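Report on the structure given below.
Chains as they are written, first to last, in my numbering: chain X, 611 to 768; chain U, 49 to 575.
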């Protein structure tokens, strides 16, 4: 166990942990708004549920990112025995980026969804528009996930 | 046999039902109160005890008045103790028991056990009435629908009447209305026959003209998606047929699993009819999306999370060799983006040509040249012919944007505005990068499928007997969840690419109002 390993696995921890927290908070915000909106309009539960589920993806990106990075680490260790400082710090960076972006975008996406749910509950036809607006914050989690993928691809190819 | 409910009895029956429900509520409250204070008992038990010369007194008092010495003097059982309240029972063998200085509570006539019985009787009574109501509703469904349609018609007639202009105490009325051009002849004939004087006019651009979309069979399936955002303005081109093929491909790209696509297709083939004729369009659309998913799943070699590009037995070991394919997918996503953005700009040119004249299209054409030129410069090796062509094309494009952005303004103003417009190139890069989501969504759904499979396999190996059972259960639940989440993403994200990136570049403003003709409803209602 060397510093590079510690860095790499700290990165993985941040990646799964922070993005998971982001999604958990995000979907809870949506869920709370749904329970409120149900008092006014119970027929639109399908729309509420879809909107509440939107922030659930950040945690999955974190998990999928972990899967890619973990396999890259295992492949490197199989080949060379351990990680070097460059590999350790790039995995840490990937984890930090995906974790932080997942955390914040999950929460904020939940807030956008919640506003939309409230709107639908009050009788405004904003389902499609909320869907489009709510995926705006998610793009950055997607970009961070793509970056994680590129980083780990670079590690195993290079 | 209880007689059928009649319309005249309906109101009384509803009142009766309401009363029964209220009684049930108060029974429930009574039972709960007794149970928290005295526990679960029946009054029969108390009578039984009395026959054996055992008498009960129930007390409830403030804790401060309760002396703990009573516990030694008398047979006392504390039944409930709150913060400041205490409930207890005193048991004695004579009919006239000892008198405590706190007032006793009369024994309840019915204990919780009796109340439970009463509650279940009440439930039966309610169920009988609800059954009758249901039977009534079923029997009268046609009548209800008919009444609804008639009331709806009456309401709409009245609402339309509000908009009329009247003169001479209502002997002369005027109504303005929209009709689609295709129905002009039919409407004129009907109005002439009815002896109504009318005039027709073309809408003027400032008017908010209602929109009736006319699309060919396949692209009309995508109209519900387009209407989630906004209908086009009357003078605008309807973009539904133009985004439809892209949406189809993007959905397949994001879900990208041949197995999921097949499941979607099969499920719709088997159960699609059950959703009823009004959902036929949605079912057809979902089938197309499933087909596209199968196509992209084959392209990326993914079936239920299993990567087919490698040999199925070795996929457990490592899957680094599919990276090349993933890189290609990354580039494919960007290429899709480039194509859709340029396609959007071409549509914008056509729109500008139709609305203002060809000179207004030059600047948009400049953008197309600039984007293609930059793409060639970025994508080719140095010192090649392609690079030079790319550089030339981008310079020409930038020049066209600088000098033709506003054909009416003078040259200096144009250059100033053109510089500002050229700054918009950052927006084009942003739009292009936005298409990376196609790649990332496809990748993440494929990886999650892979994860589910590998967890499933370790379950399979864990136990020779129970393993296979839990393996199958886990795979069904896991892939079901992944399918739901990936499917939701695969629907929403292409929608965003359509409404934000594509519509923006195509210069779509939207905000049209749907054409809802004034008509009789109950005539069409044959069910």
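Heads up, the beta-carbon is just placed ideally off N, CA and C, and yes, glycines get one too. All values reported here derive from a predicted model rather than from experimental measurement.
Closer than 8 Å to chain X by CB, residue i
i: residue 243 of chain U; result: no
i: residue 541 of chain U; result: yes
i: residue 550 of chain U; result: no
i: residue 276 of chain U; result: yes
i: residue 537 of chain U; result: yes
i: residue 557 of chain U; result: no
i: residue 361 of chain U; result: Caution is warranted here: a pLDDT of 46 is assigned to residue 361 of chain U, below 50, making its placement in the model unreliable, and the coordinate value is therefore given only provisionally. Not one chain X Cβ lies under 8 Å of residue 361 of chain U.
i: residue 354 of chain U; result: no
i: residue 499 of chain U; result: yes
i: residue 496 of chain U; result: yes
i: residue 506 of chain U; result: no
i: residue 38 of chain U; result: For residue 38 of chain U there is no data in the structure shown, the boundaries of chain U being 49 and 575.
i: residue 173 of chain U; result: no
Counterpart residues of residue i in DSSP-defined beta bridges
i: residue 355 of chain U; result: U:350
i: residue 213 of chain U; result: U:222
i: residue 279 of chain U; result: U:560
i: residue 109 of chain U; result: U:134
i: residue 125 of chain U; result: U:137
i: residue 152 of chain U; result: U:107
i: residue 258 of chain U; result: U:561
Alpha carbon of residue i to alpha carbon of residue j, nearest angstrom
i: residue 458 of chain U; j: residue 631 of chain X; result: 57 Å
i: residue 111 of chain U; j: residue 156 of chain U; result: 22 Å
i: residue 195 of chain U; j: residue 189 of chain U; result: 10 Å
i: residue 374 of chain U; j: residue 491 of chain U; result: 8 Å
i: residue 280 of chain U; j: residue 287 of chain U; result: 8 Å
i: residue 97 of chain U; j: residue 123 of chain U; result: 15 Å
i: residue 554 of chain U; j: residue 226 of chain U; result: 28 Å
i: residue 350 of chain U; j: residue 639 of chain X; result: 34 Å
i: residue 328 of chain U; j: residue 564 of chain U; result: 21 Å
i: residue 496 of chain U; j: residue 298 of chain U; result: 19 Å
i: residue 337 of chain U; j: residue 229 of chain U; result: 33 Å
i: residue 361 of chain U; j: residue 333 of chain U; result: Any answer about residue 361 of chain U is weak, because its pLDDT of 46 lies below 50 and its placement is not dependable; what the coordinates show is given next. Residue 361 of chain U and residue 333 of chain U: Cα-Cα distance of roughly 36 Å.
i: residue 449 of chain U; j: residue 650 of chain X; result: 52 Å
i: residue 406 of chain U; j: residue 355 of chain U; result: 51 Å
i: residue 70 of chain U; j: residue 95 of chain U; result: 30 Å
i: residue 756 of chain X; j: residue 311 of chain U; result: 28 Å
i: residue 60 of chain U; j: residue 66 of chain U; result: 10 Å
i: residue 331 of chain U; j: residue 272 of chain U; result: 12 Å
i: residue 431 of chain U; j: residue 439 of chain U; result: 11 Å
i: residue 16 of chain U; j: residue 402 of chain U; result: As displayed, chain U neither begins before 49 nor continues past 575, which places residue 16 of chain U out of reach and without an answer.
Cut-off 7 Å between Cβ atoms - residues of its own chain near residue i, not counting five sequence neighbours on either side
i: residue 159 of chain U; result: 82, 89, 90, 91
i: residue 547 of chain U; result: 277
Whole-angstrom C-beta distance between residue j and residue i, which should lie under 8 Å
i: residue 309 of chain U; j: residue 339 of chain U; result: 7 Å
i: residue 625 of chain X; j: residue 676 of chain X; result: 6 Å
i: residue 629 of chain X; j: residue 665 of chain X; result: 11 Å between Cβ atoms; not a contact.
i: residue 125 of chain U; j: residue 137 of chain U; result: 5 Å
i: residue 719 of chain X; j: residue 636 of chain X; result: 5 Å
i: residue 758 of chain X; j: residue 678 of chain X; result: 7 Å
i: residue 304 of chain U; j: residue 493 of chain U; result: 6 Å
i: residue 389 of chain U; j: residue 454 of chain U; result: Rounded, the Cβ-Cβ distance is 22 Å, inconsistent with contact.
6 Å CB neighbourhood of residue i in its chain, flanking five on each side removed
i: residue 644 of chain X; result: 658, 662, 727
i: residue 442 of chain U; result: 418, 421, 422
i: residue 579 of chain U; result: Residue coverage of chain U in this structure runs from 49 to 575, which leaves residue 579 of chain U outside it and unanswerable.
i: residue 264 of chain U; result: none
i: residue 627 of chain X; result: none
i: residue 669 of chain X; result: 629, 630, 633
Contact with chain U by residue i, beta-carbon distance below 8 Å
i: residue 741 of chain X; result: yes
i: residue 671 of chain X; result: yes
i: residue 674 of chain X; result: yes
i: residue 667 of chain X; result: yes
i: residue 722 of chain X; result: no
i: residue 713 of chain X; result: no
i: residue 797 of chain X; result: This structure does not reach residue 797 of chain X, given that chain X is present from 611 up to 768, and the question cannot be answered.
i: residue 738 of chain X; result: yes
i: residue 704 of chain X; result: no
i: residue 637 of chain X; result: no
i: residue 645 of chain X; result: no
i: residue 752 of chain X; result: yes
Cutoff 8 Å; reference residue i; Cβ partners in own chain excluding five residues on either side
i: residue 184 of chain U; result: 52, 53, 58
i: residue 199 of chain U; result: none
i: residue 232 of chain U; result: 248
i: residue 145 of chain U; result: 103, 105, 138
i: residue 435 of chain U; result: 424, 425, 428, 429
Near the ligand GTP: residue i beta-carbon under 7 Å from a heavy atom
i: residue 297 of chain U; result: For the structure depicted, the ligand GTP is absent and the ligand set is empty, with no information on it obtainable.
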